[in-house]
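A.B. asks:
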RNA sequence: GGAGAGGUGGCAGAGCGGUUGAAUGCGUCAGACUUGAAAUCUGAUUAGGGUUUCGGCCCUACGGGAGUUCGAAUCUCCCCCUCUCCGCCA
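Residue numbers (this note's numbering): 1376 to 1843.
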């Protein structure tokens, strides 16, 4: 969520940002709603103050009068006092009605304003290249292990033609697609034998890599979360159709403590949701920043709108596992930029240790998504596809996500004074599998159809050197 | 699944119809004392928002929502959450 105050001060900046991202949002209307709400607020508050004053005066008088009423003997005095009470009661009541009327008007605006505000995208940073779509993304760097020549094809490099991972999986019994589909429908799979072991080896290696070499704190977080968590992390409302929804609200039942919940739950599409949700609504001590978290979690994606795309194999699936890194930092642009580079660096080191050719892709404005000020994708070379495939995505969000989550800290350290500040957040994939199995299987295949196990993974596969 | 208890400031914990944004303790910060520290004493210490002549002024919030009342942290209803006991169970 963007800062409404900044929007008021500089609407043009946000209009231009939305335009660059190709997001349609009526900012003029938002500003009008905001202005109207503030006008209502101002007059409401003035009336409420007056009402409060009056109540303080009238209250005790009422108490006194009702005491006198009890004691009053004759009918005449009684009626006199009752009249006074009635008129006293009428005074604040009239104001209260006015306040309520204004309240109602304000409440009528609120949902629309909030909904609109949530859809205003974070403007791209000035140094993000402008573009219309993925084709305008810019390759920023390319790396390959010794012996790999980008100028040559796979078979020229290796001396034999590449099989794609689907064939390799079938031949080596690493994955069973028909049975996956039988149980769970399209985009489902079963990993078997060494395929399952390789999958687990990747995840565990990546987790250890972040924990032991880069000082991240390993966490296990929920993958089944409430709507607020999805909205807070910025995946809703824009990506609502991508998430699986568990309709607990429709089950009813549930009395008291253990019973069913009245709220729907959602399966998360990335560990980022659970990690960022951890400190929702908290005011953190500045000394704990930056928080560096890593999780390995199962990710669920409906892949709505991707019908017919990448239907075969392990590339685009509904359920996968991912090691994800997240950093929650001080509100400082320069610091955010440094962490962004760091987080990309960790992944580069990981991929280099795996010997996988990759490139960094500077995403253009149109490809950033609503949350990001900047995003760098990392793509691994996938010989079976004959092209790069996205395996990582490193996002820099400034305070966009933390504002939604109401995640703050108090600058100035030492118990702190002064106003709170909203944290900055960043995230990046560490390893998503089975997708990362694709470049591994395809790059490590040998002429005889077997697959070498990357050296760094062998310890995680019981010392196995070769599959098949 | 059954039965009960409870959700108050950074934490613990009072308040149970008005002057309580909230006692008290702990923590934290500032000052005093001290060579320094500890101990002690004094003071400060919720957040969000509106408005501002930038000195302030004001509104909102005691899990969330609705209600009763002239007035609600306090009473009623619904929801969410936590805990205890029994049952079941990876």
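Where is the CB? At the ideal position from N, CA and C, for every residue including glycine. These numbers come from a predicted model, not from an experiment.
Please report how far the alpha carbon of residue 1609 lies from the alpha carbon of residue 1759, in whole angstroms.
C.D. replies: Position 234 of the first chain, counted from the first residue, corresponds to residue 1609. Position 384 of the first chain, counted from the first residue, corresponds to residue 1759. So the alpha carbons of these two residues sit roughly 34 Å apart.
A.B. asks: Take residue 1682 and list the residues in its own chain whose beta-carbon comes closer than 7 Å to its own, dropping the five residues that flank it on each side.
C.D. replies: Walking along the first chain from the start, residue 1682 turns up at place 307. The beta carbon of residue 1682 sits closer than 7 Å to none of the beta carbons in its chain outside the five residues before and after it.
A.B. asks: Within 10 angstroms of its Cβ, does residue 1396 collect 16 or more other Cβ (buried), or is it exposed?
C.D. replies: Taking the first chain and counting its residues from 1, the one referred to as residue 1396 is at position 21. Buried, by the Cβ-count rule.
A.B. asks: In this structure, how does DSSP classify residue 1426 when only helix, strand and coil are distinguished?
C.D. replies: The residue you call residue 1426 lines up with position 51 of the first chain. Note: residue 1426 maps to helix in three-state DSSP.
A.B. asks: Among the residues of its own chain, which have a CB less than 6 Å from the CB of residue 1789, if the five just before and after it don't count?
C.D. replies: Numbered from 1 along the first chain, position 414 holds the residue referred to as residue 1789. Note that residue 1789 scores a pLDDT of 44, beneath 50, so its modelled location is shaky; the value from the coordinates is reported in the next line. There are no such residues.
A.B. asks: Which value, in whole angstroms, describes the spacing of the CA atoms of residue 1640 and residue 1687?
C.D. replies: Taking the first chain and counting its residues from 1, one reaches residue 1640 at position 265. Taking the first chain and counting its residues from 1, one reaches residue 1687 at position 312. Those two C-alpha atoms are separated by around 29 Å.
A.B. asks: Might you give, ordered along the chain, the residues of its own chain that have their beta carbon closer than 6 Å to the beta carbon of residue 1702, omitting 5 neighbours on each side?
C.D. replies: Position 327 of the first chain, counting from 1, holds the residue named residue 1702. Excluding sequence neighbours, residue 1702 sits near 1665, 1667, 1714, 1801.
A.B. asks: Can you check which of these residues, 1482, 1405, 1534, is closest to residue 1415 by C-alpha distance?
C.D. replies: Working through the first chain from its first residue, we reach residue 1415 at position 40. Among 1482, 1405, 1534, the Cα nearest to that of residue 1415 belongs to 1482.
A.B. asks: Taking its Cβ as the centre, do 16 or more other Cβ atoms sit within 10 Å of residue 1841, making it buried, or is it exposed?
C.D. replies: Locating residue 1841 in the first chain gives position 466, counting from the first residue. Counting Cβ neighbours within 10 Å, residue 1841 comes out exposed, since fewer than 16 surround it.
A.B. asks: Helix or strand or just coil, what does DSSP make of residue 1829?
C.D. replies: The residue you call residue 1829 lines up with position 454 of the first chain. The answer is coil: DSSP assigns residue 1829 none of H, G, I, E or B.
A.B. asks: Skipping 5 residues on each side, what residues in its chain have a beta carbon closer than 8 Å to that of residue 1538?
C.D. replies: As a first step, residue 1538 is located in the first chain; it is residue number 163 there, counting from the start. Once the five neighbours on either side are set aside, the close Cβ partners of residue 1538 are 1546, 1759, 1817, 1820, 1824.
A.B. asks: Is DSSP giving residue 1660 helix, strand or coil here?
C.D. replies: In the first chain, residue 1660 corresponds to position 285, counting from 1. DSSP places residue 1660 in strand when its eight states are reduced to three.
A.B. asks: Do the region 1736-1754 and the region 1382-1397 make contact, defined as three or more Cβ pairs closer than 8 Å?
C.D. replies: yes
A.B. asks: Contact between the region 1603-1618 and the region 1645-1660: three or more CB pairs below 8 Å?
C.D. replies: yes
A.B. asks: Take every Cβ of the region 1715-1725, pair it with every Cβ of the region 1763-1770, and state whether three or more of those distances are shorter than 8 Å.
C.D. replies: yes
A.B. asks: With a threshold of 7 Å on Cβ separation, who are the neighbours of residue 1487 within its own chain once the five nearest residues in sequence on each side are excluded?
C.D. replies: Against the first chain, residue 1487 aligns to sequence position 112. Closer than 7 Å at Cβ, skipping near neighbours: 1408.
A.B. asks: Report the residue from 1661, 1736, 1648, 1705 whose alpha carbon sits nearest the alpha carbon of residue 1699.
C.D. replies: Taking the first residue of the first chain as position 1, residue 1699 is located at position 324. Closest by alpha carbon: 1648.
A.B. asks: Alpha carbon to alpha carbon, how far is residue 1799 from residue 1624?
C.D. replies: For the purposes of this step, residue 1799 is taken as residue 424 along the first chain, with counting starting at 1. For the purposes of this step, residue 1624 is taken as residue 249 along the first chain, with counting starting at 1. Answer to the nearest angstrom: the Cα atoms are 34 Å apart.
A.B. asks: For the region 1519-1531 against the region 1801-1813, are there 3 or more C-beta pairs whose distance is under 8 Å?
C.D. replies: no
A.B. asks: Going by other Cβ atoms of all chains shown within 10 Å of its Cβ, with 16 needed for buried, is residue 1432 buried or exposed?
C.D. replies: Taking the first residue of the first chain as position 1, residue 1432 is located at position 57. Exposed, by the Cβ-count rule.
A.B. asks: Which same chain residues, not among the five before or five after residue 1617, have their C-beta less than 7 Å away from its C-beta?
C.D. replies: Counted from its first residue, the first chain places residue 1617 at position 242. Correct list, in chain order: 1644, 1676, 1677, 1679.
A.B. asks: Is the region 1462-1480 touching the region 1411-1429 in the sense that three or more CB pairs, one from each, lie closer than 8 Å?
C.D. replies: Per the Cβ contact rule, the region 1411-1429 is in contact with the region 1462-1480 (3 or more Cβ pairs under 8 Å).
A.B. asks: Determine the direct distance from the alpha carbon of residue 1390 to that of residue 1382, and round the result to whole angstroms.
C.D. replies: Position 7 of the first chain holds residue 1382. Position 15 of the first chain holds residue 1390. Approximately 9 Å, taken between the alpha carbons.
A.B. asks: Determine the direct distance from the alpha carbon of residue 1601 to that of residue 1833, and round the result to whole angstroms.
C.D. replies: By 1-based counting over the first chain, the position of residue 1833 is 458. By 1-based counting over the first chain, the position of residue 1601 is 226. Answer to the nearest angstrom: the Cα atoms are 39 Å apart.
A.B. asks: With a 10 Å radius around its C-beta and 16 neighbouring C-beta atoms as the bar for buried, classify residue 1553 as buried or exposed.
C.D. replies: For the purposes of this step, residue 1553 is identified with residue 178 of the first chain, where counting begins at 1. Label assigned to residue 1553: exposed.
A.B. asks: According to DSSP, simplified to helix, strand and coil, what is residue 1744?
C.D. replies: Residue 1744 sits at position 369 when you count from the first residue of the first chain. If DSSP states are grouped into helix, strand and coil, residue 1744 belongs with coil.
A.B. asks: Could you give the C-beta distance for residue 1661 and residue 1705, rounded to a whole number, given that I count them as a contact under 8 Å?
C.D. replies: Position 286 of the first chain, counted from the start, is the residue given in the question as residue 1661. Position 330 of the first chain, counted from the start, is the residue given in the question as residue 1705. Right, their Cβ atoms sit about 7 Å apart.
A.B. asks: Leaving out five residues before and five after residue 1385 in sequence, what residues of the same chain have Cβ atoms less than 7 Å from its Cβ?
C.D. replies: Numbered from 1 along the first chain, position 10 holds the residue referred to as residue 1385. Hits under 7 Å: none found.
A.B. asks: Can you give the Cα-Cα distance for residue 1559 and residue 1646, rounded to whole angstroms?
C.D. replies: Within the first chain, numbered from 1, the residue matching residue 1559 stands at position 184. Within the first chain, numbered from 1, the residue matching residue 1646 stands at position 271. Spanning the two alpha carbons is a distance of roughly 22 Å.
A.B. asks: Taking all protein chains shown into account, do 16 or more other C-beta atoms lie within 10 angstroms of the C-beta of residue 1524, making it buried, or fewer, making it exposed?
C.D. replies: Counting from 1 along the first chain, the entry for residue 1524 is found at position 149. If you draw a 10 Å sphere on the C-beta of residue 1524, you find fewer than 16 other C-beta atoms in it, and that means exposed.
A.B. asks: Determine the burial state of residue 1475: buried for a count of at least 16 other Cβ atoms within 10 Å of its Cβ, exposed for fewer.
C.D. replies: On the first chain, residue 1475 is found 100 positions in, with the first residue counted as 1. Exposed: under 16 other Cβ atoms inside 10 Å.
A.B. asks: Go through its chain and collect everything with a Cβ distance to residue 1443's Cβ below 7 Å, but skip five positions before and after it.
C.D. replies: Reading the first chain from its first residue, position 68 is the one you call residue 1443. Hits under 7 Å: 1456.
A.B. asks: Might you give, ordered along the chain, the residues of its own chain that have their beta carbon closer than 7 Å to the beta carbon of residue 1728, omitting 5 neighbours on each side?
C.D. replies: If you number the first chain from 1, residue 1728 lands on position 353. Hits under 7 Å: 1831.
A.B. asks: Does the beta-carbon distance from residue 1584 to residue 1725 come in below 8 Å?
C.D. replies: Residue mapping note: residue 1584 aligns to position 209 of the first chain, counting from 1. Residue mapping note: residue 1725 aligns to position 350 of the first chain, counting from 1. Yes, the Cβ-Cβ distance between residue 1584 and residue 1725 is below 8 Å.
A.B. asks: CA-CA distance, residue 1518 and residue 1738?
C.D. replies: Taking the first residue of the first chain as 1, we reach residue 1518 at position 143. Taking the first residue of the first chain as 1, we reach residue 1738 at position 363. Between residue 1518 and residue 1738, the C-alpha separation is close to 18 Å.
A.B. asks: Which runs of the beta strand (DSSP E) spanning at least 3 residues fall entirely within the region 1681-1722, listed in chain order?
C.D. replies: 1694-1704
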